[in-house]
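**Q** Just passing along the structure, written as structure tokens.
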Amino acid sequence: MRKPEAIEALSALGQETRLDVFRLLVKAGPGGLPAGEVAARLDVVQNTASAHLKVLTQSGMIRAERQGRVIRYHADMTGFRDLLSFLMEDCCNGNPDLCRPAIEAATCHC
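Position 16 of the sequence shown, counted from 1, bears residue number 1160 in our numbering, the numbering being contiguous throughout.
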């Protein structure tokens, strides 16, 4: 991940509702959730939820999958892992292997 993508991801996650959406999708696991269910669970108007889902999708933190008329959203754990790696790449006095266990512990393999 390059700096512009990291800034976009951090900006997307730096808004309260979008952070709630991301955390909800992480909790939902690999099955994800339909857009309407995301809005309902977070008690957000569907138009507002759609705008937040779009920002998160563009940032690479979530991904969308169309299933007929329904769009199902999933946390993009690869994008999240890439963000964590970017943030920690220069840790430990330039020895990122020392931080690798922290990165792996913070990401799932789903």
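Glycine is no exception: its CB is placed at the ideal position from the N, C-alpha and C atoms. Just so you know, these numbers come straight off a predicted model, no measurement behind them.
1. Opposite residue 1160 in the DSSP bridges: which residues?
2. With 16 as the cutoff for other CB atoms within 10 Å, does residue 1155 come out buried or exposed?
3. Closer than 8 Å is the cut-off here; do at least three beta carbon pairs connect the region 1233-1243 with the region 1185-1198?
4. For residue 1149 and residue 1204, what's the separation of their Cα atoms in angstroms?
5. If I follow the unbroken beta strand (DSSP E) through residue 1214, where does it start and stop?
6. Do the region 1157-1165 and the region 1209-1216 touch if we need at least three Cβ pairs shorter than 8 Å?
7. By the 10 Å Cβ neighbour count, where 16 or more other Cβ atoms means buried, how is residue 1187 classified, buried or exposed?
8. I'd like to check one pair, residue 1169 with residue 1215: are the Cβ atoms closer than 8 Å?
9. If we ignore side chains and look at the alpha-carbon of each, how far apart do residue 1218 and residue 1237 end up?
**A** Well, looking at it:
1. Looking at the DSSP assignment, residue 1160 forms no beta bridge with any residue, so it has no partner.
2. exposed
3. no
4. 8 Å
5. 1214-1219
6. no
7. exposed
8. no
9. 35 Å
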